Amino acid sequence: GGVDLECDMLVLGAGPGGYSAAFRAADLGMKVVLVERYATLGGVCLNVGCIPSKAMLHVAAVMDEVQHFADIGVSFGAPSVDLDKLRAHKAKVVGKLTGGLSAMAKMRKVTVVRGYGSFLDPHHVSVEETGGEGQDKTGKTQTIKFKQAIIAAGSQAVRLPFLPSDERIVDSTGALQLRATPKRMLIVGGGIIGLEMGTVYSTLGARLDVVEMLDGLMQGADRDLVKVWQKMNAPRFDNIMLKTKTVGAEATADGILVRFEGEGAPKEPQLYDLVLQAVGRSPNGKKIGADKAGVIVNERGFIPVDIQMRTNVPHIFAIGDVVGQPMLAHKAVHEAHVAAEVAAGEKSAFDARVIPSVAYTDPEVAWVGLTEDQAKAEGRKVKKGLFPWSASGRAIANGRDEGYTKLLFDEDTHRILGGGIVGTHAGDMIGEVALAIEMGADEVDIGKTIHPHPTLGESIGMAAEIAHGTCTDVP
Ligand code: FAD
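This is the structure we're talking about:
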């Protein structure tokens, strides 16, 4: 048929990548159409990822913290949890943000088209309209003609093919629905998403097991940081199975009976009320008819791009989870701005030196740039400044001095290469380390920057002074 709508810029997918790209393109004067299959904007991050998980983690952290208050003379008694209200709270948090995005789209005159988009050729997509809460097709289809496009189709949870289909076996989206509190929960995959969700369920009363194929939890972070988290969190777990695989499961009336193989495998299959699959996410690149537009998608479903976020088809860009690791919202947003700016003729490029990672567990674990384990593996000589929070006035005052702040510097240039923080609010602090790396700061720059006292952030200045040999605050 004919063309129903024409635009300068078509953005496919309205996650952090897609909506950021659409807004920036509109701000730069383009007529923008944003295509999203779900009823709300915000993608995985706002609807079933970053935001709802953090809303629940905040509740869990407060619940845990007040339980420790008895030791300091303030007692609250055991918490009683109303899951319906908790879910409503989570929905309200999400709704506030996704509603805000819709308002911002309107303000910018971005046309939001609800439906499933698929390329027809390098200048057209067809959108099959969807309705209701999910992806139900209404039967209506429209064709949109575009001058340029940005693919921001995101990713979805990987499902283990040998696990049966059962409502007690969930991915992160299912886990965030908080239908009930299980007694025994298995987390398959010891990465950030699994451990965050595990934290929530454990605080609500579940006993946890975790199974991980590799030799440690929270891969990517330095082992010494993870150790601090693990020591604090050991009471949540019955069994941490490392170098172990889940090989099968059976749905029974009493629970999900799971079999394991490997170094940490128990001899007998184990019974769980809830099994969370958190074994990674796969990109949606193969589901958008990219081939019809001539856009190359690799065998894993990622779309290769250059530093201007262009695919092999110069007027079609791709950003976010669909272009590769790390699959993080802040990376998607940064790439989105680059793509929109390049499309508008600006000389933008993705030239970030580092992308920070954060596990919003309790304590938080955050890292950016070169890690100590990487430096060791590469045989690089680095100078380390490690400030233990047991010497931080604020951490002690908070009753949370288990953490520490670690910075790594180049031995020759003294410039900062990386940093890791474990402790409460580590995620809020790691941005300063990222800034220091981007600015090429050295030990003196960071150490001589006056940090407010008493804050946890001071520990960054102290760690720099320790590396420089001028710290007077640690024995
Ligand atoms: P997505 O958010 O996946 O959005 C893609 C959008 O495109 C979706 O809305 C999808 O419906 C739509 N779409 C796809 N194909 C089509 C199509 N053909 N037609 C129409 N629409 C389509 N990251 C962080 O940085 N911090 C965190 O704390 C964090 N926590 C997380 C917690 C969980 C439980 C999960 C699952 C993820 C978390 N992430 C976190 C990762 C983060 O959510 C993603 O990196 C981010 O959402 C990627 O953004 P995106 O725009 O690339 O894609």
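First residue of the sequence shown? That's 5 in our numbering, and the numbers climb one at a time after it. Cβ coordinates follow ideal geometry from the N, Cα and C atoms, glycine included. Computed from a prediction, not measured in an experiment: that's the story for all the values here.
Cα separation between residue i and residue j?
| i | j | result |
| --- | --- | --- |
| residue 44 | residue 117 | 11 Å |
| residue 219 | residue 264 | 15 Å |
| residue 303 | residue 39 | 25 Å |
| residue 139 | residue 21 | 20 Å |
| residue 313 | residue 353 | 8 Å |
| residue 187 | residue 433 | 35 Å |
| residue 420 | residue 331 | 25 Å |
| residue 8 | residue 37 | 12 Å |
| residue 237 | residue 231 | 10 Å |
| residue 34 | residue 348 | 8 Å |
| residue 202 | residue 168 | 21 Å |
| residue 109 | residue 115 | 7 Å |
| residue 417 | residue 447 | 10 Å |
| residue 340 | residue 324 | 7 Å |
| residue 305 | residue 161 | 13 Å |
| residue 112 | residue 272 | 59 Å |
| residue 223 | residue 409 | 18 Å |
| residue 143 | residue 319 | 30 Å |
| residue 96 | residue 379 | 44 Å |
| residue 227 | residue 100 | 37 Å |
| residue 89 | residue 55 | 17 Å |
| residue 229 | residue 453 | 25 Å |
| residue 443 | residue 370 | 19 Å |
| residue 151 | residue 400 | 58 Å |
By the 10 Å Cβ neighbour count, where 16 or more other Cβ atoms means buried, how is residue i classified, buried or exposed?
| i | result |
| --- | --- |
| residue 270 | exposed |
| residue 344 | buried |
| residue 87 | exposed |
| residue 357 | exposed |
| residue 80 | exposed |
| residue 183 | exposed |
| residue 136 | exposed |
| residue 178 | buried |
| residue 375 | buried |
| residue 239 | exposed |
| residue 338 | buried |
| residue 235 | exposed |
| residue 78 | exposed |
| residue 392 | buried |
| residue 141 | exposed |
Once you ignore the five residues that flank residue i on each side, which residues in its own chain have a CB closer than 8 Å to its CB?
| i | result |
| --- | --- |
| residue 307 | 155, 287, 289, 294, 299, 300, 301, 315, 322, 326 and 327 |
| residue 62 | none |
| residue 462 | 396, 398, 455 and 456 |
Compare the Cα-Cα distances from residue i to each of the options and report the closest residue.
| i | options | result |
| --- | --- | --- |
| residue 67 | 112, 432, 366 and 427 | 366 |
| residue 196 | 297, 172, 285 and 255 | 285 |
| residue 255 | 108, 199, 187 and 170 | 170 |
| residue 282 | 400, 221, 375 and 121 | 221 |
| residue 291 | 330, 129 and 226 | 129 |
| residue 25 | 178, 46, 9 and 8 | 46 |
| residue 149 | 178, 11, 238 and 17 | 11 |
| residue 423 | 405, 403, 445 and 402 | 445 |
| residue 411 | 16, 404, 438 and 401 | 438 |
| residue 247 | 229, 402, 192 and 55 | 192 |
| residue 261 | 383, 279, 417 and 396 | 279 |
| residue 233 | 14, 355, 32 and 194 | 194 |
| residue 435 | 181, 216 and 373 | 373 |
| residue 123 | 15, 69, 96 and 381 | 15 |
| residue 385 | 377, 392 and 391 | 377 |
| residue 296 | 319, 126 and 59 | 126 |
| residue 383 | 415, 368, 185 and 74 | 415 |
| residue 249 | 72, 266 and 341 | 266 |
| residue 471 | 229, 318 and 389 | 389 |
| residue 245 | 52, 430, 225 and 215 | 215 |
| residue 460 | 431, 204 and 89 | 431 |
| residue 157 | 427, 413 and 48 | 48 |
| residue 103 | 166, 50 and 452 | 50 |
| residue 402 | 351, 428 and 32 | 428 |
| residue 53 | 176, 82 and 73 | 176 |
| residue 241 | 204, 251 and 166 | 204 |
| residue 31 | 75, 121, 350 and 473 | 350 |
Leaving out five residues on either side along the sequence, give the residues of the same chain with a beta carbon under 6 Å from the beta carbon of residue i.
| i | result |
| --- | --- |
| residue 145 | 130 and 132 |
| residue 105 | 23, 45 and 46 |
| residue 458 | 397 and 398 |
| residue 172 | 260 and 278 |
| residue 335 | 359 |
Counting only the same chain and skipping the five closest in sequence on each side, list residues whose C-beta sits under 7 Å from that of residue i.
| i | result |
| --- | --- |
| residue 119 | 39, 41, 131, 132, 133 and 134 |
| residue 208 | 85 and 185 |
| residue 477 | 395 and 466 |
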